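Undergrad: Chains as they are written, first to last, in this note's numbering: chain A, 1471 to 1662; chain B, 1471 to 1662.
The beta-carbon is built from N, C-alpha and C at its ideal position, and this holds for glycine as well.
If you're wondering where the values come from, they're calculated on a predicted model, not measured in any experiment.
Number of protein chains: 2
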Amino acid sequence: MGRPKQFDPDVAVERAMSVFWRKGYAATTPQDLVDEIGIGKGSLYNAFGSKHALFERALLRYRDSQAAWLEELLDHPGSAKDRLRGALEALVELDLGDPDRRGCMAVNTAAELATSDAGTTDTVRKMFARTESAFRVTIEEGQRAGEIAGGRDAAATAAWLLATVIGMRVLAKTAEDATQLRRVVDAAMASL
Amino acid sequence: MGRPKQFDPDVAVERAMSVFWRKGYAATTPQDLVDEIGIGKGSLYNAFGSKHALFERALLRYRDSQAAWLEELLDHPGSAKDRLRGALEALVELDLGDPDRRGCMAVNTAAELATSDAGTTDTVRKMFARTESAFRVTIEEGQRAGEIAGGRDAAATAAWLLATVIGMRVLAKTAEDATQLRRVVDAAMASL
DNA sequence: CTAATTTTGTACCTGTCATTCAAATATGTT
DNA sequence: AACATATTTGAATGACAGGTACAAAATTAG
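What follows is the structure in structure tokens.
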């Protein structure tokens, strides 16, 4: 009943994600969003209610695609160490391959909104926890397989790996070439 | 000649830094700045020219105070490893002790502006390079003293330590308590 | 075919953004 | 004292932010 939407809300959220990811929350205007999505302002506000609500949906979409991507990488066949190295190297490729150097949307959001937006910060915190958890599982697999020293605290190592990855993704935004990031990967793997 | 300034520009820059640090660049308005600094808008624009110019001065002020703080920590007496651990622990204290959880202004700036502001990004890149360099010097001292394996690539280890610290400072903005950060420090030092 | 429902585009609104300006005020120079 | 210079304040500016209102258009249930 009623007139059907002439645009796909999922596509709209994806395009909104793209804009928010590139420009950040505060610097993105409703005009930017309608330009990118290709709908009118009326439709935008009818469908999503507010800039903030759309941002939250965009962030959740980022979470889903990002988490699936990383978790699939860590689920590849191979040794735990190889999978971890592969994931880090894939992240470097991903970040440096992006002409806009957007980095990680969750990291950018933490940096921009943690002081002012508790709800969004909670979402980001959970995203970090999820990644940390995936790292911990892989590290524990490596310990059972004897590739990683069993005496190490897997939880602490996972937290440290998460910090390393977050740092890498910030550095990817400022790095001029790949050498700095490759060094980070090498040193991180050397000390695992 | 002329009426003398009724405020200290250095104090004004410091207060501006405080606001930009807490709110980020885009979310800070000229009104926020004059409220915090305690001068009129005319004075603000007469003294600094634009919001962006004031931001750059605030960022440079951050760089100077931050770099001095960290470099002094790393210059303390003691073994290289102890100094590195001390620096990481001091950063955790600093970040968690801040009620606003502002994290690191350079990191926040990289996250917010790297896609859009080449000049500022260059400043941040140099700040990162300076910290990385201070880490490398300390690591090399540790290698000469035999505390850190000489076979390790000091430059790569320093890059990795920089990434770890950047990640920690992002996590400090979302972490609910100190455990996650303490784990990062422990794991980082364990693998040094 | 209509009634009911929903979307859409345009126009509009209020407030704020970043900046500028005029006038008043405070100093150094002659 | 008169003047030139520099700074202060706060109002004024044009542009745009974020969002709303509304009538016309599109669809489906009955």
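Against chain B, which members of the stretch 1495–1511 of chain A pass a CB distance test of less than 7 Å?
TA: Against chain B - using a Cβ distance shorter than 7 Å - the residues of the stretch 1495–1511 of chain A are Ala1496 and Ala1497.
Undergrad: Please return the same chain residues whose Cβ sits closer than 8 Å to the Cβ of Val1655 of chain B, not counting the five positions on each side in sequence.
TA: The sequence position of residue 1655 of chain B within the second sequence is 185, counting from 1. For Val1655 of chain B, where only same-chain residues beyond five positions count, the Cβ hits under 8 Å are Arg1555, Leu1558, Glu1559, Val1562 and Met1638.
Undergrad: Indicate the three-state DSSP secondary structure (helix, strand or coil) for His1522 of chain B in the structure shown.
TA: In the second sequence, residue 1522 of chain B corresponds to position 52, counting from 1. DSSP places His1522 of chain B in helix when its eight states are reduced to three.
Undergrad: Are the C-beta atoms of Gln1650 of chain B and some chain A residue less than 8 Å apart?
TA: In the second sequence, residue 1650 of chain B corresponds to position 180, counting from 1. Yes, Gln1650 of chain B counts as interfacial toward chain A.
Undergrad: Is there a Cβ of chain B sitting closer than 8 Å to that of Asp1570 of chain A, yes or no?
TA: The count along the first sequence starts at 1 and reaches residue 1570 of chain A at position 100. It does: the Cβ of Asp1570 of chain A has a partner Cβ on chain B nearer than 8 Å.
Undergrad: Taking the alpha carbon of Ala1476 of chain B as the point to measure from, which residue in B:Asn1516, B:Leu1641 and B:Ser1488 has its own alpha carbon closest?
TA: Numbered from its first residue, the second sequence carries residue 1476 of chain B at position 6. At residue 1476 of chain B the sequence reads Gln, which differs from the Ala that was named. The candidate whose alpha carbon is nearest that of Gln1476 of chain B is B:Asn1516.
Undergrad: Ile1609 of chain B lies in the alpha helix (DSSP H); which residues open and close that run?
TA: Here residue 1609 of chain B corresponds to residue number 139 of the second sequence, with the count starting at 1. Residues Ala1588 to Arg1614.
Undergrad: So which residues on chain A does Arg1555 of chain B lean against when the C-beta distance must stay under 7 Å?
TA: Your numbering for residue 1555 of chain B matches position 85 in the second sequence. Neighbours of Arg1555 of chain B on chain A: none; closest Cβ ~13 Å, over 7 Å.
Undergrad: Measuring CB to CB, does Arg1527 of chain B end up less than 8 Å from Ala1626 of chain A?
TA: Position 57 of the second sequence, counted from the start, is the residue given in the question as residue 1527 of chain B. Position 156 of the first sequence, counted from the start, is the residue given in the question as residue 1626 of chain A. Going by C-beta atoms, Arg1527 of chain B is not nearer than 8 Å to Ala1626 of chain A.
Undergrad: Put Gly1468 of chain B into one of helix, strand or coil per three-state DSSP.
TA: Past the edges of chain B, shown from 1471 to 1662, lies residue 1468 of chain B, and the structure says nothing about it.
Undergrad: Could you tell me whether the stretch 1534–1551 of chain A touches the stretch 1505–1524 of chain A, using the rule of 3 or more Cβ pairs below 8 Å?
TA: In short, these stretches do not touch, since the Cβ pair count stays below three.
Undergrad: Does any residue of chain A bring its CB to less than 8 Å from the CB of Arg1485 of chain B?
TA: To locate residue 1485 of chain B, count along the second sequence from 1; it is residue 15. Judged by the 8 Å Cβ criterion, Arg1485 of chain B is not in contact with chain A.
Undergrad: Quick check on Met1471 of chain B: buried or exposed, where buried means 16 or more other Cβ atoms within 10 Å of its Cβ?
TA: Counting from 1 along the second sequence, the entry for residue 1471 of chain B is found at position 1. Met1471 of chain B should be labelled exposed.
Undergrad: Assuming Ala1660 of chain A is part of the alpha helix (DSSP H), what are its boundary residues?
TA: On the first sequence, position 190 is the one that residue 1660 of chain A refers to. Counting along the chain, the alpha helix (DSSP H) containing Ala1660 of chain A begins and ends at Thr1649 to Ala1660.
Undergrad: Use the C-beta contact count for Arg1606 of chain B: other C-beta atoms within 10 angstroms, 16 or more gives buried, fewer gives exposed.
TA: Start at 1 with the first residue of the second sequence, and residue 1606 of chain B comes out as number 136. With 16 or more other Cβ atoms within 10 Å, it is buried.
Undergrad: Under 8 Å, Cβ to Cβ, is there at least one residue of chain B near Ser1535 of chain A?
TA: Working through the first sequence from its first residue, we reach residue 1535 of chain A at position 65. False, the Cβ-Cβ gap to chain B never drops below 8 Å.
Undergrad: On the CB-based measure, 16 or more other CB atoms within 10 Å of its CB, does Trp1630 of chain A come out buried or exposed?
TA: Taking the first sequence and counting its residues from 1, the one referred to as residue 1630 of chain A is at position 160. Trp1630 of chain A comes out buried.
Undergrad: Can you give, in chain order, each stretch of the alpha helix (DSSP H) that sits fully within the stretch 1504–1552 of chain A and has at least 4 residues?
TA: The qualifying runs are 1511–1518 and 1521–1545.
Undergrad: Across the stretch 1608–1628 of chain B and the stretch 1643–1650 of chain B, are there enough close Cβ pairs to call them in contact, namely three or more that are closer than 8 Å?
TA: Too few Cβ pairs lie closer than 8 Å, so no.
Undergrad: Quick one: give me the first and last residue of the alpha helix (DSSP H) that Met1487 of chain A is part of.
TA: As a first step, residue 1487 of chain A must be located in the first sequence, where it is residue number 17. Segment Pro1479 to Lys1493, the alpha helix (DSSP H) holding Met1487 of chain A.
Undergrad: Using a C-beta cutoff of 8 Å, does Asp1647 of chain A count as contacting chain B?
TA: On the first sequence, residue 1647 of chain A is found 177 positions in, with the first residue counted as 1. Closer than 8 Å: no.
Undergrad: With a threshold of 7 Å on Cβ separation, who are the neighbours of Thr1608 of chain A within its own chain once the five nearest residues in sequence on each side are excluded?
TA: On the first sequence, residue 1608 of chain A is found 138 positions in, with the first residue counted as 1. Excluding sequence neighbours, Thr1608 of chain A sits near Leu1544, Ala1550, Arg1553 and Leu1554.
Undergrad: Can you name the residues of chain B whose CB is closer than 9 Å to the CB of Asp1623 of chain A?
TA: By 1-based counting over the first sequence, the position of residue 1623 of chain A is 153. Residues of chain B passing the Cβ test: Arg1653, Asp1656, Ala1657 and Ala1660.
Undergrad: I want to verify the contact list: residues of chain A whose CB lies under 7 Å from the CB of Val1594 of chain B, in sequence order.
TA: As a position in the second sequence, residue 1594 of chain B is number 124, starting the count at 1. Correct list: Thr1644.
Undergrad: Buried or exposed, going by whether 16 or more other CB atoms sit within 10 Å of the CB of Ala1565 of chain B?
TA: In the second sequence, the residue the question calls residue 1565 of chain B occupies position 95. According to the sequence shown, residue 1565 of chain B is Asp rather than Ala. Burial call: buried.
Undergrad: Once the 5 residues before and after Ala1584 of chain A are set aside, which same chain residues still bring their CB inside 7 Å of it?
TA: Here residue 1584 of chain A refers to the residue found at position 114 of the first sequence. Counting only Cβ-Cβ distances below 7 Å, and skipping sequence neighbours, we find Thr1591.
Undergrad: Taking 8 Å as the threshold (beta carbon to beta carbon), is Ala1588 of chain B in contact with chain A?
TA: Reading the second sequence from its first residue, position 118 is the one you call residue 1588 of chain B. Closer than 8 Å: no.
Undergrad: Rounding to the nearest angstrom, what Cα-Cα distance links Asp1502 of chain A and Arg1485 of chain A in this structure?
TA: For the purposes of this step, residue 1502 of chain A is taken as residue 32 along the first sequence, with counting starting at 1. For the purposes of this step, residue 1485 of chain A is taken as residue 15 along the first sequence, with counting starting at 1. For Asp1502 of chain A and Arg1485 of chain A, the distance between alpha carbons rounds to 10 Å.
Undergrad: Taking all protein chains shown into account, decide if Val1481 of chain A is buried (16 or more other Cβ within 10 angstroms of its Cβ) or exposed.
TA: Position 11 of the first sequence holds residue 1481 of chain A. Val1481 of chain A comes out exposed.
Undergrad: For Ala1580 of chain B and Val1594 of chain A, what's the separation of their Cα atoms in angstroms?
TA: On the second sequence, position 110 is the one that residue 1580 of chain B refers to. On the first sequence, position 124 is the one that residue 1594 of chain A refers to. Straight-line Cα distance between these residues: approximately 18 Å.
Undergrad: So, at 7 Å on beta carbons, what are the nonlocal neighbours of Glu1602 of chain B in its own chain, with the 5 sequence-adjacent residues on each side left out?
TA: Indexing the second sequence from 1 puts residue 1602 of chain B at position 132. For Glu1602 of chain B, where only same-chain residues beyond five positions count, the Cβ hits under 7 Å are Ala1628, Ala1629 and Leu1632.
Undergrad: Along chain B, which residues have their Cβ under 8 Å away from the Cβ of Arg1492 of chain A?
TA: Taking the first residue of the first sequence as position 1, residue 1492 of chain A is located at position 22. Ordered by position in chain B, the residues that pass the 8 Å Cβ test against Arg1492 of chain A are Thr1585.
Undergrad: Would you list, in chain order, the members of the stretch 1624–1641 of chain B that have their beta-carbon closer than 9 Å to a beta-carbon of chain A?
TA: Cβ contacts with chain A come from Ala1625, Ala1626, Thr1627, Ala1628, Ala1629, Trp1630, Leu1631, Leu1632, Ala1633, Thr1634, Val1635, Ile1636, Gly1637, Met1638, Arg1639, Val1640 and Leu1641.
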